[in-house]
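K.L.:
Just passing along the structure, written as structure tokens.
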Amino acid sequence: AQSVAQPEDQVNVAEGNPLTVKCTYSVSGNPYLFWYVQYPNRGLQFLLKYITGDNLVKGSYGFEAEFNKSQTSFHLKKPSALVSDSALYFCAVRDRSSGSARQLTFGSGTQLTVLP
Amino acid sequence: DGGITQSPKYLFRKEGQNVTLSCEQNLNHDAMYWYRQDPGQGLRLIYYSQIVNDFQKGDIAEGYSVSREKKESFPLTVTSAQKNPTAFYLCASGQGAETQYFGPGTRLLVL
Numbered sequence: 001a002q003s004v005a006q007p008e009d010q011v012n013v014a015e016g017n018p019l020t021v022k023c024t025y026s027v028s029g030n031p032y033l034f035w036y037v038q039y040p041n042r043g044l045q046f047l048l049k050y051i052t053g054d055n056l057v058k059g060s061y062g063f064e065a066e067f068n069k070s071q072t073s074f075h076l077k078k079p080s081a082l083v084s085d086s087a088l089y090f091c092a093v094r095d096r097s098s099g100s101a102r103q104l105t106f107g108s109g110t111q112l113t114v115l116p
Numbered sequence: 117d118g119g120i121t122q123s124p125k126y127l128f129r130k131e132g133q134n135v136t137l138s139c140e141q142n143l144n145h146d147a148m149y150w151y152r153q154d155p156g157q158g159l160r161l162i163y164y165s166q167i168v169n170d171f172q173k174g175d176i177a178e179g180y181s182v183s184r185e186k187k188e189s190f191p192l193t194v195t196s197a198q199k200n201p202t203a204f205y206l207c208a209s210g211q212g213a214e215t216q217y218f219g220p221g222t223r224l225l226v227l
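Keeping their order, the protein sequence lines are chains A and B.
Each residue of the first sequence is one higher than the last, beginning at 1 in the numbering used here.
Each residue of the second sequence is one higher than the last, beginning at 117 in the numbering used here.
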């Protein structure tokens, strides 16, 4: 079985400050990890993914995420937040050993608000 | 939202009525997915299809049906058996174990 936890429903940060959105996961094998962003009444937009290789992954709009195997975490970060980053963020995981295309599990989402 | 389109953007269902949500992709992806999103919850998988003429139930398939007659299309029917259909429905497509890409969504409301 695989699961994802986003422990914070809401994260508030001041514009220009660094931001972190937390994600921890559980899989029986090795993970594929993803971050998506959703703006109101829109679909999910892909931000970045970890497949293999460097633990620090860089993605769209200045976001990055660090894969930490020992802590089973994949936290999303950005050095300087913008008001336009305010949105709902989802972490997702797939067990790499799974042979089925369906096995993508999403967290419950974290609402990020960047205050001007 | 890329090469995935969903229609309509808003859909109203009367009690006892079946309604169909459209999803089309031009990304040449083999796999397609339907998710349901409720407020404060993550995405829950309704159905998925890995190849034309084949599909599997997800975690919450009861009250829904799908077809996959063409690679580009994966329509979802919300039947009268679905007693709580009000939600935001998201279609996605992907290739193998790679990234899933999402459409803009359809919001279903009950009259």
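For each residue, glycine too, the CB sits at the ideal point set by N, CA and C.
From a predicted model like this one, the values you see are computed outputs, not experimental measurements.
In chain order, what residues of the same chain lie with their CB nearer than 7 Å to the CB of residue 104/A, ignoring the 5 residues before and after it?
P.N.:
Cβ neighbours of residue 104/A beyond the five flanking positions: 92 and 94.
K.L.:
Do residue 221/B and residue 145/B come within 9 Å of each other at the CB atom, strictly closer than that value?
P.N.:
No.
K.L.:
Going by the DSSP bridge assignment, what does residue 75/A pair with across the sheet?
P.N.:
66/A.
K.L.:
What does DSSP give as the partner residues of residue 207/B in its beta bridges?
P.N.:
Its beta-bridge partners are 150/B.
K.L.:
Closest to residue 55/A by CA distance: which of 47/A, 20/A and 66/A is it?
P.N.:
Considering only alpha carbons, the answer is 66/A.
K.L.:
Among residues of its own chain, excluding the 5 on either side of residue 25/A, which ones have a beta-carbon nearer than 8 Å to its beta-carbon?
P.N.:
These residues qualify, in order along the chain: 2, 3, 4, 5, 31, 33, 72, 73, 74, 91 and 93.
K.L.:
Just by C-beta distance, which residues in the region 31-54 of chain A are closer than 8 Å to chain B?
P.N.:
Listed by position, the residues of the region 31-54 of chain A near chain B (Cβ gap below 8 Å) are 32, 34, 36, 41, 42, 43, 44, 45, 46 and 49.
K.L.:
Consult DSSP for residue 226/B and reduce its assignment to one of helix, strand or coil.
P.N.:
If DSSP states are grouped into helix, strand and coil, residue 226/B belongs with the strands.
K.L.:
Can you tell me the Cβ-Cβ gap for residue 46/A and residue 164/B, rounded? I've got them flagged as a contact below 8 Å.
P.N.:
That belief does not hold up - the Cβ atoms of residue 46/A and residue 164/B are roughly 18 Å apart, past 8 Å.
K.L.:
Assuming residue 159/B contacts residue 153/B (C-beta within less than 8 Å), just tell me the rounded distance between them.
P.N.:
Between residue 153/B and residue 159/B the Cβ distance is about 5 Å, and since that is below 8 Å, they are a contact.
K.L.:
If the cut is a Cβ gap below 7 Å, which residues of chain A does residue 216/B touch?
P.N.:
Here the neighbours are 104.
K.L.:
Helix, strand or coil for residue 170/B per DSSP?
P.N.:
It is a strand residue.
K.L.:
Taking only beta-carbon positions, decide if residue 223/B is within less than 9 Å of chain A.
P.N.:
It does: the Cβ of residue 223/B has a partner Cβ on chain A nearer than 9 Å.
K.L.:
Going by DSSP, what residues sit across from residue 31/A in a beta bridge?
P.N.:
BP columns for residue 31/A point to 95/A.
K.L.:
Look at the alpha carbon of residue 194/B and the alpha carbon of residue 37/A, and state the distance between them as a whole number of angstroms.
P.N.:
Approximately 26 Å between the Cα atoms of the pair.
K.L.:
Using beta carbons (cut-off 9 Å, strictly below), is residue 109/A in contact with chain B?
P.N.:
Yes, contact with chain B.
K.L.:
Using DSSP bridges, identify the partner residues of residue 165/B.
P.N.:
Looking at the DSSP assignment, residue 165/B forms a beta bridge with 148/B.
K.L.:
What is the DSSP secondary structure of residue 108/A, counted as helix, strand or coil?
P.N.:
Of the three classes helix, strand and coil, the one that applies to residue 108/A here is coil, per DSSP.
K.L.:
When the distance is taken between beta carbons, is residue 162/B closer than 9 Å to residue 43/A?
P.N.:
For residue 43/A and residue 162/B, no; Cβs fall outside 9 Å.
K.L.:
Thinking residue 140/B and residue 189/B are a contact (beta carbons under 8 Å), I'd like their distance in whole angstroms, please.
P.N.:
That belief holds up - the Cβ atoms of residue 140/B and residue 189/B are roughly 5 Å apart, short of 8 Å.
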